[in-house]
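These notes are about the structure you will find just below.
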Amino acid sequence: MDRTTNKEDITLIWFDSKIYSSNLAEQIKKQLSQINDYVVFHTELQSCITFIRSIYNEKIIFVSSIYDASQILLHIASLHQIDSIFVFNWDKADNEYSVFQHSKLIGIYDQLNLLCLSIRDQVDFLDQHLLTCSFFDQDEHLTKDLSKHTADLLWFQLYHDVLFQLTYDKEAKQGMINACRSYYRDNTKELEVIEKFENEYRSEKALQWYSKKSFLSKIIKKALRTKDFDQLYTFRYFMKDLTKIFVREHQNMVQSGKEILFTYRGMKLTSDQVEKFKENKGKLVSINGFFTTTILRSTALNQAMKPSKQPDLIPVLLEIQCNLQYLSNSVIVADIIQFNEIRYEEQEEILFNSNVTYRLDSVKMKEDIWLIEMSASNEGKLIKEKYIIDSHRHMKNLSIEILFGRLMCDMGQWEQSQHFFEYLLNNSNRYNEDLAKIEYSLGEVLQWKGEWREARKYYDRAYERIMNAKLAHIKDSANILFNIGEILYLEGKYEEALNYYERAFTLRKENYSSTKVDRPCLPIHQHSTLLSRAHASFWLVLFKFGGFFQSSFRWFWTKHFLGVFCWFRSKCVANRMELVHEHSNNNYLQQICRNLQETDWLLMREIHLNDHVPIATSLRSFGKILFRQIKYDEALIFHKQSLALLEEYYQSPHIDVAVTLMHTGSVFLHQKKYNEALDFCKRAMLIYTKYYPNGHVYIASTLNQIGNILYRKGKHEKALKVYEGALAMQQKHYPFGHVDIADSLFGIWHVHCGQKKYGEAMTFYKQALNILQKYYFPGHDYIVNALNNIGYIQKKQRKYDLALDFHRQALALQEKYYPSYFANIANTLNYISGVLLRQVKYNEALCYCQRALMMQECYFPAGNASMTLSLNNISIILDKQGKYNEAVDCLRRALAAVKNHSPSDYSTIAFYTNKIGLILFKQEKYDEALDYHRRALAIQEKHCSSCQHDIANTLDYIGKLLMKRGKFDKTLKFYERALKIQDKYYPNGHINIATALLHMGRKFRQQKESEKAIEYDQKPLETQDKYYSLVSVIVTNNINLIGHVLYEERKYDVAIDYYRQALSIQENFYPRDHIETSYTLSFIGNTLYKQQKYDEALEAHQKALSIQEKHHKFLDVDIAKSLNSIGNVLCCQQKYDEAIEFYQRSLAIRKIFRPFDYADIATVVNNIGNALNGQRKYDEVLVFYKHALKIYEKCYPSNPLDIANSLRNIGLTLRQQEKDEEALDFCQRAMTIYEQYYPSADENVANCLGTIGYILS
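Heads up, the sequence shown is in the numbering used here, so the first residue is 94 and it goes up one at a time.
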């Protein structure tokens, strides 16, 4: 026994930051160890808190120095592990340190001896009143399948039977003594008792030794309370002696002729414990350990009513009735008064064995004390027998020993289960056990622990043993093959897993064909229905496709899809890819799904097949594979049919049902059917919590799934709490680590990323990735997902090269390890496309998203919601190219795909509805755009009320449209609603708050309400001052935004002040020459240009250009903009040759990197014409002006004002050439457009009229 964990019930912790500065530390520890063996000193606050939280199975007596008490007690006092708190006042200080009041605080002491006496009293009190028990609904469970039940009652029933099968010899005795001597090596008091035990112990004296408060009783009590079989195995020699005495004394009591015996126990319980008893009235109670009572009611009452220093504890009297003549021999009750070394007159003790079950008859208040009446019951034995029968139904010929080992595995006691099975394996000759079943069970334990390679070894050995046997066990071999498939699935080797799943299914089909029907139910149920009476449609479907999964299905993927994939890799082109294999082979998987759907499952109620469960688990396994292939609709079919079979078989909640519910919920989650997903998870959770009241990894997994749903719904804080709860539970059940912990860590990472806390997020990401890399092969699907996730976050942080690197790593792994999983590959291609879009590499981005779409169209011939991502990326590129009609067509296809395949994904439907509206807005189709945005808003308000950010954006879109229509009153209402949402849900200075405020200010200004306009102009800065106590770069977004509005309103003097304020903040917080500063420099340059401060403007633009050229490996649009702006300044300085040079450089970049951004190209072409006009090179001027006009007329016919300006420019140039008739024609065409779009007093109308008059003169 090692001392890294406490083998007794109480841990004594002393927290004192200065303990080692005195010479008393060793003396104090030695003195405390005489009271309680396990004593731990802590000097660091956080390490102490962490240590306390890591303790699950002991009660803590906590001592703090007075000067540290206020610092730590607030963190730990309410933890359930803390039983009582003591404060030691070293310096006898008077009120110098404040100590908070708490019911667990026993007192403040300034003398060590008095402190030790009080601690000793508390240790004795805990020994008397520490009670661990569990409840069992016998009426409900006698009609249920108990094969996977994990009640403590079953553990104690089976342990009692197993105990008598364990080795009992001198070696066992000496092993126990050696272990105890090693554990208590630093405790002289216990070492003396151990020495005495070794020299004097005799088996008939076992009860006397146990009744002493020594190492034996302390370790055994803890072991029984926590069901620590490893420890009890070490003490098997003594436990067997002790139990024999119990049995003997019980027989003496029965033979005495006494029929009814009442015994009592007085206790102090918490209010929660009392409530538990009240809630479980009428149910069975199992107490973890030997339970000592007295036949003297007065003695028990005195125990209960004895004053306590913990006022929140409630006095309770337990009364137990025993009908000695009625109880079976398995219910062991013994009179032990004769075995106590020290006898008292009022002491008449009765001891109940740990396997005794009690019926809770009543819980009531009587004379200021709670009276809990129970009666000893035979029902524990009946439940054990039913558990054995139900377990044999799933696996025949299980011995009690193997069954007990499997029960420990089901309870999550994997280390102990493994040790026990290894013991059985090493002693197989003695126990004559079925070695294959032991090896198979060991494989399951190791699989739970995440030790997949070792598990596979035992599965292989068990399978080989079965195959070499003369009589093959079809059902057992199928189970082994299935579990090998499960390991391969966990390892991410899905195709290999599918092979083993199919082999297992084939064997199960054969086993089904040769077995009679059976089902779990009441013992009197008659199982008379034979296979020939079954409705065969479902089974015929499955059996018809018995070889499908291994043959046709695998051929389909490896031959057809792999071939298509290779073609994609070799034939990817810039714009488009042709569809291949239009008449490909039928998708057999979809065919079987259709057949399953068409099967009349209601007719299954006519039969009760013994093999419902294995067939159901096979169906679930196929669903899992389809899920990994992103075939969600088909996966859902398999999971639902699996669930139907399991619910039909069990007729009540069962672990197998919960597992299938979880997998079904996972599919719904990925289909974005969040409400359905949450419902299935909650149904699973109800079952899990009933089976595992003390927590389990299944519960942790379900919590993670619920966290995923909450995260997807935008409820980040709630999701974070759920993930943290799951992580705590996993750390409890996986003390040595496990791959599942990565799920919780990734969940926390996602939340932090969603909150833009990237620094905190990376800590969790690194931990999670390290775990994945430890357990998985380098190309595992989960590692691919992790790489894509981090790539996505790098993109959000504008670290585009890093993002591409991660996504390309993911793509390489997918192409190597999952070449036929086209939908998964398409997702990664879209990730890459998204990054390239941000880098303005449109041709390359288009190649990737078209390739992704082509894969999806081939993979999902009937369409799928996942295709929308490809369509969306393509629409973004088309939008950037000014191909608005084509962009809208793509978005309408995406919207239709979501509506057809994920009709309940309302947030995505609203998203694409809004996107269509935004493109229509650019096309100036305002009425149509408004209709789309209103439809989006209606969807969001009805179905997505939690997505307030999205609702605020839609309100903003509608406000802008109404503004364009001149409906200022309505505009203001929508902006006010948007502002109210943003201010409530995004108090951290969300940039949209500033946007809404500025838009509202502009509306008031247009309505000539100057005072209100000024008020709203100032509010953005008030908002940022409120939420940012320190100057931050985040504020610069708002400041620049204000500058933009002022710039548009031609308030250049005020605008430039805002821009310069933003630049000052950026230069203080960003490293030198950060790209963001270049943008603000450009804003300043543009404003100076409008102020005609050309030298200063030129300097600002040149600084911006210099920074941009450092940051961009390739020339891109930012540089093109700066070059154009410099050209404008030079042109105004009449430096026409230099200006034209800069314009030409800008134009060249745009033609290479944004060849479809025609509006900007036309602007630069027009600017070159302006520079040539300054040089009076009118023939060349006309070439450029007409080129610009041609672009506007061809690409932007819906933007007539740019056309009008070009027409007027051409007219003026022709007038300079004295071509008056042509000049007049162009100017009149311009005038027609101006009059249509501008009021008669507008500046543009006046200028054009002046030009016409000038020509006519």
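Ideal Cβ placement from N, Cα and C applies to all residues, glycine included.
Rounded straight-line distance, which links the Cα of residue j to that of residue i
i: Ala469; j: Ile573; result: 42 Å
i: Gly375; j: Leu410; result: 18 Å
i: Ile112; j: Thr136; result: 7 Å
i: Leu1030; j: Thr753; result: 36 Å
i: Ile167; j: Thr327; result: Note on residue identity: the sequence assigns Leu, not Ile, to residue 167. Distance between the alpha carbons of Leu167 and Thr327 is about 40 Å.
i: Gln1016; j: Asp982; result: 14 Å
i: Gln1075; j: Lys808; result: 16 Å
i: Phe839; j: Thr921; result: 19 Å
i: Ala751; j: Gln204; result: 56 Å
i: Met1324; j: Ile1345; result: 9 Å
i: Leu813; j: Gln139; result: 21 Å
i: Lys100; j: Ile443; result: 26 Å
i: Phe322; j: Pro404; result: 36 Å
i: Ala896; j: Cys940; result: 18 Å
i: Phe87; j: Ile1002; result: Absent from the model: residue 87. The displayed extent of the chain is 94 to 1350, so no value can be given.
i: Lys1053; j: Thr1064; result: 7 Å
i: Asn1081; j: Ile1132; result: Unreliable placement is indicated for Asn1081, whose pLDDT of 48 sits below 50; the coordinate value is still reported in the next sentence. Approximately 15 Å, taken between the alpha carbons.
i: Leu105; j: His173; result: 15 Å
i: Trp842; j: Lys849; result: 10 Å
i: Ile169; j: Asn561; result: 59 Å
i: Tyr784; j: Asn768; result: 25 Å
i: Gly578; j: Ser913; result: 19 Å
Proximity to residue i [Cα-Cα], best of the options
i: Ala397; options: Ile1002, Gly359, Ala299 and Lys289; result: Gly359
i: Asp214; options: Ile199, Thr225 and Leu224; result: Ile199
i: Asn917; options: Lys889, Pro1290, Ile876 and Asp1024; result: Ile876
i: Tyr1050; options: Ser1038, His1036 and Asp1024; result: Asp1024
i: Leu475; options: Ser423, His732 and Val1210; result: Ser423
i: Glu494; options: Gly505, Lys197 and His512; result: His512
i: Asp176; options: Trp302, Leu362 and Phe134; result: Leu362
i: Ile380; options: Ile730, Gln250, Gly818 and Lys602; result: Gln250
i: Val933; options: Leu719, Tyr911 and Asp894; result: Asp894
i: Ser421; options: Lys1035, Ile531 and Val449; result: Val449
i: Thr97; options: Val132, Ile121 and Ser126; result: Val132
8 Å contact criterion, which residue i and residue j should meet: CB distance rounded
i: Ile1303; j: Lys1279; result: 6 Å
i: Leu1174; j: Ala1193; result: 5 Å
i: Phe370; j: Val456; result: 5 Å
i: Ser995; j: Ala945; result: Going by Cβ atoms, the distance from Ser995 to Ala945 rounds to 18 Å, so no, they are not a contact pair.
i: Met755; j: Gln798; result: 7 Å
i: Leu377; j: Arg452; result: 6 Å
i: Ala987; j: Tyr1005; result: 5 Å
i: Phe514; j: Val538; result: 7 Å
i: Tyr582; j: Lys717; result: 6 Å
Own chain, CB closer than 8 Å to residue i, minus 5 neighbours either side, in chain order
i: Met346; result: Leu354, Leu417, Val426, Ala427 and Asp428
i: Lys306; result: Asp220
i: Glu740; result: Val750
Chain-order list of residues whose beta-carbon lies under 7 Å from that of residue i (same chain, five-residue window excluded)
i: Gly1178; result: Ala1190, Ala1193, His1194, Ala1197 and Ser1218
i: Tyr868; result: Gly543 and Val832
i: Leu36; result: As shown, the chain starts at 94 and ends at 1350. That puts residue 36 outside it, with no answer to give.
i: Cys226; result: Val378, Ser379, Ile380 and Asn381
Close-in-space but distant-in-sequence residues of the same chain around residue i (CB under 6 Å, 5 per side omitted)
i: Phe899; result: Leu880, Ile883 and Gly884
i: Tyr480; result: Leu239 and Leu247
i: Tyr1327; result: Ala1297, Asn1337, Val1338 and Cys1341
i: Trp507; result: Val538, Trp541 and Lys542
Residue ranges of each alpha helix (DSSP H) run of no fewer than 4 residues wholly in the stretch 856–938, ordered along the chain? 874–889, 893–910 and 915–931
Could you tell me which whole alpha helix (DSSP H) segments of length 4 or greater appear in the stretch 361–437? Counting whole runs of 4 or more residues, the stretch 361–437 contains the alpha helix (DSSP H) stretches 364–372 and 390–398.
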